[in-house]
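For reference, the structure is listed below as structure tokens.
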Amino acid sequence: MPDLYPSRCDEVPRVIERSDPVVYSSLTSSAPLTAGQIHQYSQDGYVVLRGLFSPSAIKGLRAEAVKLLDNPASLDKETLVTESGSGRVRSIFMVHRQSAAMARLAGNEWLTSIARFLLADDVYVHQSRLNYKPGFVGKEFYWHSDFETWHVEDGMPRMRALSMSILLEPNTPFNGPLMIIPGSHRSFITCVGRTPENHYLTSLKKQEYGTPDQDSIAQLAAQNGIAALTGNAGDVIIFDCNAMHGSNSNITPFPRANAFIVYNAISNRLQSPFGAQTPRPEFIATRELVYAVN
Ligand code: 6CS
Ligand code: FE
Numbered sequence: 011m012p013d014l015y016p017s018r019c020d021e022v023p024r025v026i027e028r029s030d031p032v033v034y035s036s037l038t039s040s041a042p043l044t045a046g047q048i049h050q051y052s053q054d055g056y057v058v059l060r061g062l063f064s065p066s067a068i069k070g071l072r073a074e075a076v077k078l079l080d081n082p083a084s085l086d087k088e089t090l091v092t093e094s095g096s097g098r099v100r101s102i103f104m105v106h107r108q109s110a111a112m113a114r115l116a117g118n119e120w121l122t123s124i125a126r127f128l129l130a131d132d133v134y135v136h137q138s139r140l141n142y143k144p145g146f147v148g149k150e151f152y153w154h155s156d157f158e159t160w161h162v163e164d165g166m167p168r169m170r171a172l173s174m175s176i177l178l179e180p181n182t183p184f185n186g187p188l189m190i191i192p193g194s195h196r197s198f199i200t201c202v203g204r205t206p207e208n209h210y211l212t213s214l215k216k217q218e219y220g221t222p223d224q225d226s227i228a229q230l231a232a233q234n235g236i237a238a239l240t241g242n243a244g245d246v247i248i249f250d251c252n253a254m255h256g257s258n259s260n261i262t263p264f265p266r267a268n269a270f271i272v273y274n275a276i277s278n279r280l281q282s283p284f285g286a287q288t289p290r291p292e293f294i295a296t297r298e299l300v301y302a303v304n
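First residue of the sequence shown: 11, per the working numbering; consecutive thereafter.
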């Protein structure tokens, strides 16, 4: 299969025009999003759905997130990613296979029908995780396109996947909310540097390969600005797999906790990685246990 989006193979970065659709379905009266929401997702690469989950549903999910955090022994050890300085838990991966509540969230009818609509295919969970960004010590996520990593390291062929971030705590301007460059999903910025063996052991704490150069980020941001996607617990941020995004550290006392579900189109299942020797393990990138949700 020809590589439409080669990355980490040249000495200098390049911009490759996206050759895949963003919204795969056409607008119908039964669409699970409004025309305005679909337009924003298509133009900006993200949309925020306000109050999708009720306060009581969020209370339950937050309690589950705390329970998982407090019972690390109940979890597959390698799914726990800790901060390099504080040792605090940064992420728990594959939560939809370690918690019934998270499995229900990943299979939620609202979320999956939106994913199926935007991708115009059956979908499965490519990756799930809880991101904890604790008060005072929560660290940043540097700028990146998820698709760049999923393509190079996991073998995701095309841009036909999306992420949903379910806000479990308020994401304010101060506690390190998701930042996205609107419109950046239309350009693929190639990255420089080869992928080291077992890159995931360090990249999930602090990513250093598969991060774009500063000039490319500066150019994208000069053209389109930067949006901070703040919101309340219960809001859901949906963003395209190639949207350029990152987040700052959290020096406030207020934690930022989000559940993250990545849906990929069944037709876009993983192949061999496009730029790494060994595929990353199943807990980061579903390869074997693919089953459609809803
Ligand atoms: O490497 C990954 O797959 C994950 N890392 C980041 C920083 N974002 C996307 C994805 O969950
Ligand atoms: Fe990301």
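All C-beta atoms in this analysis are idealised placements derived from N, C-alpha and C, irrespective of residue type, glycine included.
Select from the options the residue whose C-alpha is nearest the C-alpha of residue i.
i           : options            : result
residue 137 : 17, 104, 123       : 104
residue 40  : 99, 126, 57, 13    : 126
residue 192 : 217, 211, 167, 227 : 227
residue 112 : 141, 287, 234, 260 : 141
residue 176 : 272, 95, 258, 200  : 272
residue 210 : 185, 160, 223      : 160
residue 18  : 212, 107, 204      : 204
residue 217 : 49, 149, 69        : 149
residue 128 : 102, 293, 31, 219  : 31
residue 85  : 97, 102, 93, 76    : 102
Below 7 Å CB to CB, which residues in the same chain sit around residue i once its five sequence neighbours on both sides are set aside?
i           : result
residue 240 : 181, 182, 183, 187
residue 236 : 189, 191
residue 252 : 28, 155, 157, 169, 195, 198
residue 303 : 116, 117, 122, 133, 134, 135
residue 281 : 11, 165, 167
residue 257 : 150, 151, 186, 187, 188, 189
For the beta strand (DSSP E) that residue i lies in, which residues bound it at each end?
i           : result
residue 155 : 151–155
residue 298 : Looking at the DSSP string, residue 298 is not in any beta strand (DSSP E), and its letter there is neither H nor E.
residue 210 : Taken as a continuous stretch (DSSP letters only), residue 210 belongs to no beta strand (DSSP E), being part of the alpha helix (DSSP H) at 210–213.
residue 273 : 266–275
residue 176 : 171–177
Grab me the residues of residue i's own chain with a C-beta within less than 6 Å of its C-beta, minus the 5 sequence neighbours each way, in chain order.
i           : result
residue 242 : 180
With 16 as the cutoff for other CB atoms within 10 Å, does residue i come out buried or exposed?
i           : result
residue 278 : buried
residue 11  : exposed
residue 100 : buried
residue 261 : exposed
residue 153 : buried
Quick check on the DSSP output: the alpha helix (DSSP H) that includes residue i runs from which residue to which?
i           : result
residue 113 : 110–116
Assuming residue i contacts residue j (C-beta within less than 8 Å), just tell me the rounded distance between them.
i           : j           : result
residue 291 : residue 283 : Residue 291 to residue 283, Cβ: 12 Å. No contact.
residue 130 : residue 35  : 4 Å
residue 90  : residue 269 : Incorrect: roughly 16 Å between the Cβ atoms, too far for contact.
residue 23  : residue 200 : 5 Å
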